[in-house]
Amino acid sequence: MSERPKAVALISGGLDSMLAAQVVKDQGVHVEGINFFTGFCVEGHTHAIRQKDKDKAKRNNALWAAEQVGIKLHIEDISQEYVRVVTNPKHGYGQNLNPCLDCKGFMVGKAREWMEARGFDFVITGEVIGQRPKSQRRETFPVVAEESGAGDRLLRPLCAKRLEPTLPERMGWVDRGQLLDFSGRSRKPQMALAEHYGFEDYSQPAGGCCFLTDETFSRKLADLWETRGTREYDLDDIMLLKLGRHLRPAPNFKLIVAREEGENHFMNGYRKRFHSVRDLDNPGPLALVQGEPGEQDLETAAAITARYGKGKTAERVRAEITPPGGEPYVTEVAPMPPAQIPEEWHV
Amino acid sequence: MSETGSEPQILDARGLLCPMPVIRTGAQVDQMAHGETLEVRASDPGVLYDIPAWCRVHGHTVIESREEGDDLVVLLRIGGDDTGDD
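These protein sequence lines map, in sequence, to chains D and S.
For the first sequence, this note's numbering gives the first residue as 1135, with consecutive numbering after it.
For the second sequence, this note's numbering gives the first residue as -1, with consecutive numbering after it.
Here you go:
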């Protein structure tokens, strides 16, 4: 080992991982951060797309956290490998399609690989016993350590005093006495420590930083898998699940109706891949039609799309339907009244 | 011509949403030498925060960021005004 121990800290952009990195850095350990892009990260994408979010700060919380702590941050794209974590989690899902325990093991494993490749000594996470009902429990901590391959090179500084001493503690790379004994769901100890360090304006996402913990998103992903007949996805699928209103009038096709100008603009980029529909006579949304729609299905799609535009009360509107990569054609439809759109069509 | 007197390398990150432009920037910078310059062209407004933040934590220097039509352009120099990396 080098004279000065080196640790890689998983940095999510939330408070706990930031504090964990700071606590260890304070002990003179060289700490660098690592952040993983899975495709399901909440921040970034939707802010970039949606017009109504244009005024929001577009900071990347992981970069912001690293800057506060004063460490480098390496952002790694693991979206391809992550597919197998989402589609086939060994430990199952949480309340929605969140495979939190598998995810944690996978990410710590990737951090362990990064550590080994660069001659670092241990991995840090911001986990706290009892903080999360599925993945952060005393019983699950050894699972993460074992399945990641990190073993006792995995240090959880925020609750280390409640756990058996790990290699960094036994070797004296860190002083166990200066580590912490947090537990449970209370955020007060973390907030007090943040105040101690002068951390303000840190991110506190209510549902975590992953779309898979979101009920609506998970429902849409489940619908995608069910109608496709396979639990696979690509990044474009995930992007489109984050956008628009999703309506499925029949098993063979689904509409994604843009909710505002930013989404209209973004979805325009997908017109070569899917049928698209818009009202020619009135301002309104672009809709993409996924699946295998027939001619009548596209008429239905046009009528639904017109219902969400300025022409929703018109008797009839001209709708433009463009096949993927093909020439647009025009048809006339009556905007579908809201009462005729059954609740069960909304995915 | 960049401040360093040599043409910058160009990274086209248009159409990518954050954090992908940052990831691509990191990968490109890994192949470059201290003092060289890189021009990142992107379309996601997030790069105007993310790339400067990434440069700060890695000890690189943002020379300028600007809008050119629909493109957002960030020009950076590898390493800081001093030696950069710790």
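The beta-carbon is built from N, C-alpha and C at its ideal position, and this holds for glycine as well.
Separation of residue j from residue i, as counted between CA atoms
i          : j          : result
PRO1385(D) : PHE1345(D) : 24 Å
SER0(S)    : THR23(S)   : Below a pLDDT of 50, predicted positions are generally treated as unreliable, and SER0(S), at 49, falls in that range; the measurement from the model is reported next regardless. So the alpha carbons of these two residues sit roughly 18 Å apart.
VAL1262(D) : ASN1416(D) : 54 Å
GLY67(S)   : ALA1448(D) : 37 Å
GLU5(S)    : ARG39(S)   : 15 Å
ASP83(S)   : ASP42(S)   : Since pLDDT at ASP83(S) reaches only 42, below the 50 mark, its modelled position is unreliable, and the value read off the structure follows with that caveat. Going by the C-alpha atoms only, they are around 28 Å apart.
PRO1233(D) : HIS1225(D) : 7 Å
ILE61(S)   : LEU73(S)   : 5 Å
VAL1203(D) : LEU1289(D) : 18 Å
TYR1216(D) : TYR1331(D) : 34 Å
VAL71(S)   : LYS1238(D) : 36 Å
THR81(S)   : LEU15(S)   : Its pLDDT being 41, under 50, THR81(S) is placed unreliably in this model, and the value from its coordinates should be taken loosely. Those two C-alpha atoms are separated by around 31 Å.
ARG1441(D) : GLU1426(D) : 22 Å
MET1470(D) : GLU1461(D) : 25 Å
GLU1201(D) : ALA51(S)   : 7 Å
GLY1418(D) : GLY1445(D) : 8 Å
VAL1308(D) : LEU1231(D) : 37 Å
GLN1265(D) : PHE1275(D) : 12 Å
MET1305(D) : THR59(S)   : 38 Å
ASP1335(D) : SER1269(D) : 26 Å
GLN1156(D) : CYS53(S)   : 20 Å
GLY1443(D) : GLY1363(D) : 33 Å
THR1456(D) : PRO1472(D) : 24 Å
LEU36(S)   : VAL27(S)   : 8 Å
ASP1160(D) : GLY1148(D) : 19 Å
MET1373(D) : GLY1311(D) : 45 Å
ALA1294(D) : ALA25(S)   : 34 Å
THR1350(D) : GLU1329(D) : 35 Å
Candidates the options, of which the one nearest residue i by Cα
i          : options                                           : result
LEU1313(D) : GLY1418(D), ARG1319(D), GLU1298(D) and VAL1277(D) : GLU1298(D)
GLY1378(D) : TYR1367(D), ASP1368(D), ILE1390(D) and ILE1372(D) : ILE1390(D)
HIS1380(D) : ASN1402(D), ARG1353(D) and GLU1360(D)             : ARG1353(D)
ILE1258(D) : VAL1278(D), GLU1433(D), SER1151(D) and PRO1223(D) : SER1151(D)
LEU1292(D) : GLU1273(D), VAL1467(D) and ALA1326(D)             : ALA1326(D)
ARG1246(D) : LEU1149(D), GLU1303(D) and GLU1166(D)             : GLU1166(D)
ASP48(S)   : TRP1307(D), ALA1196(D) and VAL1176(D)             : ALA1196(D)
ASP1211(D) : ARG12(S), ASP10(S), HIS58(S) and MET18(S)         : MET18(S)
VAL1423(D) : TRP1248(D), LEU1375(D), GLY1396(D) and ALA1448(D) : LEU1375(D)
GLN29(S)   : PRO43(S), LEU9(S) and CYS16(S)                    : LEU9(S)
GLU1137(D) : VAL1163(D), GLN1430(D) and TYR1442(D)             : VAL1163(D)
ARG75(S)   : GLY33(S), ALA51(S) and TRP52(S)                   : GLY33(S)
TRP1479(D) : ASP1348(D), LYS1446(D) and PRO1383(D)             : PRO1383(D)
ASP1371(D) : GLY1148(D), LEU1149(D), PHE1174(D) and GLY1396(D) : PHE1174(D)
THR1172(D) : MET1249(D), ILE1209(D) and GLN1474(D)             : ILE1209(D)
ASP1286(D) : GLU1273(D), ARG1296(D) and THR1300(D)             : THR1300(D)
MET1249(D) : VAL1142(D), ASN1169(D), TYR1463(D) and HIS1399(D) : VAL1142(D)
VAL20(S)   : ASN1194(D), GLY1428(D) and ASN1398(D)             : ASN1194(D)
Cβ-heavy atom distance, residue i to the ligand SAH, below 8 Å
i          : result
ARG1272(D) : By its list of ligands, the structure shown contains no ligand whatsoever, and the ligand SAH lies outside what it can speak to.
Anticipated Cβ contact below 8 Å, residue i with residue j, distance rounded
i          : j          : result
LEU1207(D) : VAL55(S)   : 5 Å
PHE1316(D) : PRO1323(D) : 5 Å
GLY1459(D) : LYS1406(D) : 5 Å
ASP1255(D) : PRO1302(D) : 7 Å
VAL1278(D) : VAL1219(D) : Going by Cβ atoms, the distance from VAL1278(D) to VAL1219(D) rounds to 13 Å, so no, they are not a contact pair.
ARG1412(D) : THR1439(D) : 7 Å
LEU1420(D) : ALA1437(D) : Not quite, the Cβ-Cβ distance comes to about 15 Å (not below 8 Å), so this is no contact.
LEU1358(D) : SER1213(D) : About 16 Å separates the two Cβ atoms, so there is no contact after all.
LEU1414(D) : ARG1452(D) : 4 Å
LEU1153(D) : GLY1260(D) : 6 Å
ARG1450(D) : VAL1467(D) : 7 Å
Unbroken beta strand (DSSP E) run spanning residue i, endpoints
i          : result
ILE1205(D) : Careful: ILE1205(D) lies outside any beta strand (DSSP E) and carries neither H nor E.
VAL1217(D) : VAL1217(D) -> not in any beta strand (DSSP E); alpha helix (DSSP H) instead, spanning 1213 to 1221.
GLY1425(D) : 1421 to 1425
ILE1168(D) : 1164 to 1171
ASP69(S)   : 69 to 75
THR1456(D) : 1451 to 1456
ILE61(S)   : 59 to 66
ARG39(S)   : 35 to 40
LYS1140(D) : 1140 to 1144
Residue i - containing alpha helix (DSSP H), residue span
i          : result
PRO1276(D) : 1275 to 1282
LEU15(S)   : No alpha helix (DSSP H) contains LEU15(S), which DSSP labels as neither H nor E.
SER1269(D) : Element bounds for SER1269(D): n/a, residue is neither H nor E.
ILE1438(D) : 1429 to 1441
ILE49(S)   : 45 to 56
ASP1150(D) : 1149 to 1159
Q: Note down, one range per segment and in chain order, each alpha helix (DSSP H) of at least 4 residues found wholly within the stretch 1296 to 1350 of chain D.
A: Runs of the alpha helix (DSSP H) inside the stretch 1296 to 1350 of chain D: 1301 to 1304 and 1322 to 1331.
Q.
At 3 residues or longer, what runs of the beta strand (DSSP E) sit wholly inside the stretch 1230 to 1264 of chain D?
A. Complete beta strand (DSSP E) runs here, min 3: 1256 to 1258.
Q) Along the chain, which unbroken stretches of the alpha helix (DSSP H) at least 4 residues long are found entirely within the stretch 1367 to 1409 of chain D? A) Whole alpha helix (DSSP H) segments, 4+ residues: 1369 to 1375 and 1395 to 1402.
Q: With 8 Å as the C-beta to C-beta threshold (strictly closer), list the residues of the stretch 21 to 51 of chain S near chain A in chain order.
A: Among the protein chains in the structure shown, which are D and S, there is no chain A.
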